[in-house]
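Visitor: In our numbering, the protein residues as written are 26 to 392.
First the structure, then my questions, so here it is.
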């Protein structure tokens, strides 16, 4: 673990402490998409993959996704802390290529776009029936962050009242300036343009802007999900053909904010993204305590690049010029009475921000 990661881990621990001191608990779960290249005739045994993850102490499992040779890593609800969830995803990013390789996969692709990853065109008016047109489909791969908050009795605060809307609005307000956190490479911005640039609006459902509601890129899921399906439906009784004949609906357990803008990447930093999520939770808690007013819902476009364009600032500049991230860290740490080096030139929040920005400055020099 390098020095920057150690600093991130310490910050997450302090943020968790701050939330727990208020009698609350933040729950964060990741979902990560990717693809693989596999020789013809071979198949993936997901059961073996998940047994390996369990053996290695990772609270997650891998399932097949919509497109051919696409998979999804899904966090398990094992009650893990946000810090343990960051460890889980960090391990998954490192281990999955090795685990897939043991099953004959020649290349595991954890990247924002898999170009010409599949072929086909949806038939007119259909959502799952393809026509004879075998055009290339460029597969977008996402990292999603699911966030909920519990009180000391284990009740989900997103079920009732306006806490959920406030948390969603905080994410809507901070996502533009912090897009560098969850879009960590240039190809991540190509992912946002796939539907419009390549005419794949019917085939792809990935978000293109910062939007709310229950179907937006920062979605609030209560009893209704992204596809207007019932949430929290749990099978109770199966028939002899394993069809569900009795189910129970418990959407209180699954109510959450789902931040759907992140792009899969080997450069994705789980620790930094957990910090980002926890800061939004803390802002929401403090807003409730201070009885702050609800602000109007926002809808805005993400930048087109890491770098500045003629008419707009890039993700690097947006993050560098906005102080919410670093100041929120410092404000919270001052309340949990963290001992800091008074002789240090930069505060802890500034150190986290500057260390992350330095990675992009070094990368641009190499390029």
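Virtual Cβ for every residue (Gly too), placed ideally from N, Cα, C.
So what does DSSP say about residue 213, is it helix, strand or coil?
Guide: helix
Visitor: Can you give me the Cβ contacts of residue 87 inside the same chain, cut-off strictly under 8 angstroms, excluding the 5 residues immediately before and after it?
Guide: So the list reads 71, 74, 75, 78, 96, 97, 98, 99 and 121, once near-sequence residues are dropped.
Visitor: What is the C-beta distance between residue 167 and residue 288, in whole angstroms, given that I count them as a contact (C-beta under 8 angstroms)?
Guide: 6 angstroms
Visitor: Can you say whether residue 194 is buried or exposed, counting buried as having 16 or more other CB atoms within 10 angstroms of its CB?
Guide: The residue in question, residue 194, is buried, as its Cβ has 16 or more Cβ neighbours within 10 Å.
Visitor: Determine the DSSP secondary structure at residue 349, reduced to helix, strand or coil.
Guide: Residue state, collapsed to three classes: helix.
Visitor: Which partner residues does residue 165 have in the DSSP bridge list?
Guide: Answer by DSSP bridge pairing, in chain order: 138.
Visitor: With H, G and I counted as helix, E and B as strand and the rest as coil, what does DSSP make of residue 87?
Guide: strand
Visitor: In or out: residue 346 buried (at least 16 other Cβ within 10 Å) or exposed?
Guide: exposed
Visitor: According to DSSP, which residues form a beta bridge with residue 235?
Guide: 325
Visitor: Any contact between the segment 350-362 and the segment 208-223? By contact I mean 3 or more CB pairs, one from each, below 8 angstroms.
Guide: no
Visitor: Measure the alpha-carbon distance for residue 304 versus residue 111 and round it to whole angstroms.
Guide: Between the alpha carbons of residue 304 and residue 111 lies a gap of roughly 15 angstroms.
Visitor: Three or more C-beta pairs closer than 8 angstroms, one from the segment 198-206 and one from the segment 59-71: is that the case here?
Guide: Not touching, per the Cβ criterion.
Visitor: Let me make sure I understand the geometry here. Which of 107, 278, 178 and 62 has the alpha-carbon closest to that of residue 127?
Guide: 62
Visitor: So, are the CB atoms of residue 363 and residue 107 less than 7 angstroms apart?
Guide: no
Visitor: Quick one: what does DSSP say residue 59 is sitting in, helix, strand or coil?
Guide: Here residue 59 sits in strand by DSSP.
Visitor: Can you pull the DSSP bridge partners for residue 100?
Guide: 85
Visitor: Would you mind stating whether residue 60 and residue 179 have Cβ atoms separated by less than 7 angstroms?
Guide: no
Visitor: So residue 226 is in the beta strand (DSSP E); what residue range does that whole segment cover?
Guide: Segment: none, residue 226 is in no beta strand (DSSP E) and carries neither H nor E.
Visitor: Looking at the secondary structure, which residues open and close the alpha helix (DSSP H) in which residue 244 lies?
Guide: That residue, residue 244, is in no alpha helix (DSSP H); its beta strand (DSSP E) goes 243-246.
Visitor: When we look at the beta-carbon of residue 348 and count the other beta-carbons within 10 Å, is it buried (16 or more) or exposed?
Guide: exposed
Visitor: Rounded to whole angstroms, what is the Cα-Cα separation between residue 220 and residue 231?
Guide: 8 angstroms
Visitor: Using the C-alpha atoms, what's the distance from residue 190 back to residue 139?
Guide: Whole-angstrom Cα-Cα distance: 34 angstroms.
Visitor: Looking only at C-alpha atoms, which of 82, 169 and 296 sits nearest to residue 32?
Guide: 296
Visitor: Going straight from the alpha carbon of residue 333 to that of residue 343, what length do you get?
Guide: 9 angstroms
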